[in-house]
Each structure stands twice: as C-alpha cells, then as structure tokens.
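These notes concern the structure reproduced below.
Residue numbers (the numbering used here): 69 to 438.
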C-alpha cells in the first residue's frame with residue numbers, strides 16, 4: 069500500500085514529513101487562444117465535451133474538481149472507482165507508484181537514489197499474476213478517459229534517508245528514468261500507456277525541493293505537477309515551464325476550522341493522529357465529506373479555481389476516507405457548471421482561453437472555507 073506521511077497545516081509536525089507552503093508568482097500565462105470560440109474537431113475524431121471551449125463574454129469558468137489517487141495500484145479500489153466515475157461522467161488521475169508494476173522477483177532491478185538495490189518504503193508488485201491484474205485495471209482506466217501520472221517509485225519520505233526532501237537533480241533524474249524503465253517493461257507485459265501520455269506527477273509525501281525536481285519534469289516535456297500546497301484553493305501557476313496544481317490547505321469544519329492539507333491521510337492524522345478507531349469511522353467519513361462540500365462551495369462562489377481532492381487507494385480508518393471521496397464524486401460531478409476532469413484536460417481548457425479573461429479569475433483571492 070502507498071502511504072502518505074504528509075504534514076497537517078495546523079502546526080502539528082509529523083516526524084516523517086515536512087511540507088513547505090509556497091505561494092508562487094504567476095509565471096507565464098496560458099497559450100494564446102485559437103481564432104474560433106469553439107474547439108476544432110479533427111476529421112474522424114469524437115466531438116470534444118461541451119465545456120472544452122473558450123469562455124463566452126461574461127461567462128465564468130466551470131468549477132473543475134480534480135480527483136487524484138496516489139499509488140493507483142489497488143485492484144479493489146479501481147473496481148469501485150471506475151463504475152462510479154462512469155456513472156458521474158467523471159475523469160480521475162491515478163499517480164502510479166512504479167514499483168507496483170515490478171514483480172517481487174524483479175525487485176533487485178530497482179535501485180533508489182542512495183539506497184540499496186531492491187529496497188523501498190512501499191511494497192513491490194507481488195506475483196506476475198498480481199502485476200497482470202494491475203495492468204488490466206490501468207488499461208481499463210485509460211480506455212475510459214482517465215489519466216496516469218507518476219508517483220515515482222520508492223516512496224522515500226523524511227525519516228527514510230536519503231529522502232526525496234534532500235534529493236539532488238541527479239537523484240530525481242535517476243528515479244524518473246527508472247519509473248519509465250519500469251513502464252516500458254510493463255508495456256511488454258501489455259500495459260498500454262505511451263510514455264508521452266504521462267504528463268505530470270506528485271512527489272512522495274508532497275516532499276522535495278521544487279527548484280530541483282520541477283526542471284527534471286520539464287526536461288522530459290512533462291506539463292504539470294501537484295506536489296505543493298496553497299493557503300486556500302488557488303488557480304494553477306507556471307514555474308520552470310511546469311503548471312503547478314496546488315493541493316489546498318483549508319479549514320475543516322469538524323475540527324473547529326483548524327486548517328489541514330486536503331488529503332485523506334492529513335485529514336485522518338488531524339482527526340485522531342492516524343489511529344485506527346472503528347467506532348469513529350462513520351464520523352470521519354462525515355467530517356471529510358463536509359470538508360469537501362465546503363471547499364467546493366468556496367471555490368464555486370468565488371474564484372472558480374480547480375479543486376484538488378487528493379487521496380490514496382488505501383482503507384485507512386475502515387475505508388472512511390475512500391467512502392467520503394466516492395460519495396462526493398457521485399454528488400458533485402453531476403452538478404451544473406461542474407466538471408470532474410484530469411489535470412491534462414484542465415490544461416487543455418486553459419489553453420483555449422483568452423489569457424486576460426482567465427487572469428481576472430486567477431488573480432482573485434484564494435477561495436477559503438469560512
């Protein structure tokens with residue numbers, strides 16, 4: 069299982085994680101819009117969705133909701149999420165840990181920067197049959213219009229040194245090279261994920277120096293990252309040629325409006341120190357769902373910034389956070405003026421916009437739960 073050892077934006081520090089709250093300046097705007105208000109349709113191609121066009125005069129952006137899942141290796145979770153997303157007309161992004169495609173008997177192939185061969189902080193792929201099942205799940209997700217990004221490989225967070233927090237550019241290059249090596253090996257086993265369709269990623273534990281790892285993504289012609297946090301819900305900003313989709317830090321109503329990074333593990337830690345307590349599972353589901361709803365409403369009513377809902381394919385607290393996410397997907401993705409999309413789809417939409425018009429929303433204050 070992929071584990072998030074993320075920080076809680078309440079002043080409580082986890083021994084294994086340190087996040088840096090960074091507010092970036094706007095570096096470069098979206099590409100110039102095409103001459104037409106509508107997205108052209110190539111001959112033989114399916115028509116784009118209604119929302120994938122330039123905004124008309126006076127129109128507000130759709131409220132984008134970005135459901136993302138770190139690890140992306142659980143068969144049971146894919147089996148639940150795929151039909152829910154299909155029914156809700158939602159697309160999601162899975163940030164794949166490369167080791168989940170590497171069978172246990174090949175674990176020695178992986179050599180994490182500064183670590184011995186075959187060592188990692190998460191499990192490897194299991195048997196060949198386990199990997200084959202995972203490949204089928206990922207192929208099904210891609211065929212349904214979902215997106216895969218990288219969650220890198222060994223998941224070396226602070227406390228498992230040398231951690232990604234201290235990695236050099238060369239370390240990130242080695243790690244990412246190995247991710248794509250594993251992807252190519254999985255392609256020989258049937259995985260249908262062209263390398264150029266892996267367009268972004270999220271670092272383990274939201275750690276790492278962006279001045280170091282963002283240029284590495286750029287050198288691979290990747291387009292987005294979602295490893296940094298923002299105070300409130302903010303529009304993506306460009307840095308080193310990479311669009312940063314912020315993971316928001318928001319008030320949690322059930323915690324007396326204490327601020328927490330909006331990811332499942334962080335919410336769990338803030339609620340009860342990430343301890344299993346079956347008697348409180350339903351309480352945690354309700355509190356998480358209330359927070360998601362409030363965050364959506366805050367963005368919808370103000371700056372319309374894309375809302376990142378960060379999760380894992382885990383069953384912490386008896387699946388309390390998975391249930392909240394799945395329930396939220398069923399109710400929010402069918403709302404008017406709301407689009408549950410992948411990161412790349414949001415970027416496709418942004419490229420169609422008049423930069424000056426889009427900037428009127430991007431420069432609004434970050435949306436906050438009040």
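Positions of the beta carbon are idealized from the N, C-alpha and C atoms, including for glycine.
Run through DSSP, which three-state label would residue i get?
i, result
"residue 366", "helix"
"residue 320", "strand"
"residue 407", "strand"
"residue 375", "strand"
"residue 214", "coil"
"residue 237", "helix"
"residue 445", "Shown here, the chain extends from 69 to 438; a query on residue 445 therefore has no answer."
"residue 226", "coil"
"residue 412", "helix"
"residue 92", "Reliability fails at residue 92, whose pLDDT of 32 lies under 50, so the model's placement of it is uncertain and the value that follows must be treated cautiously. It is coil, neither helix nor strand."
"residue 429", "helix"
"residue 402", "coil"
"residue 327", "strand"
"residue 395", "helix"
"residue 193", "coil"
"residue 138", "strand"
"residue 132", "strand"
"residue 434", "coil"
"residue 145", "helix"
Among the options, which residue has its Cα nearest to the Cα of residue i?
i, options, result
"residue 242", "379, 174, 288", "288"
"residue 388", "400, 398, 347, 408", "347"
"residue 382", "121, 318, 143, 130", "143"
"residue 424", "408, 117, 249, 125", "125"
"residue 213", "158, 350, 131", "158"
"residue 416", "292, 186, 403, 188", "292"
"residue 183", "384, 254, 366, 230", "230"
"residue 276", "236, 372, 306", "236"
"residue 172", "340, 191, 317", "191"
"residue 130", "195, 279, 429", "429"
With a cut-off of 9 Å, does the C-beta of residue i fall near any C-beta of chain D?
i, result
"residue 187", "As a matter of chain content, chain D is missing from the structure shown, which is built from one protein chain."
Please check the pair residue i and residue j, which I expect to be a contact at CB under 8 Å, by giving their CB distance rounded to whole angstroms.
i, j, result
"residue 216", "residue 261", "6 Å"
"residue 335", "residue 314", "Residue 335 to residue 314, Cβ: 17 Å. No contact."
Fill in: Every unbroken alpha helix (DSSP H) within the stretch 249-323, with a cutoff of 4 residues, ordered by chain
278-287
Practice prompt. Would you list, in sequence order, the uninterrupted beta strand (DSSP E) runs of no fewer than 3 residues that lie entirely inside the stretch 148-186?
Written response: 161-164
Discussion item. Under 8 Å, with one C-beta from each stretch per pair, do the stretch 114-133 and the stretch 192-199 reach the 3-pair mark?
Written reply: no
Worksheet item: Does the pairing of the stretch 349-360 with the stretch 403-411 give three or more beta-carbon distances under 8 Å?
Response: no
Worksheet item: Do three or more CB pairs link the stretch 162-176 to the stretch 241-260 at distances below 8 Å?
Response: yes
Worksheet item: Three or more C-beta pairs closer than 8 Å, one from the stretch 222-236 and one from the stretch 271-291: is that the case here?
Response: yes
Worksheet item: Is it a yes or a no for the stretch 362-379 touching the stretch 293-306, going by three-plus beta-carbon pairs under 8 Å?
Response: yes
Fill in: Three-pair Cβ contact test at 8 Å for the stretch 134-152 versus the stretch 172-179
no
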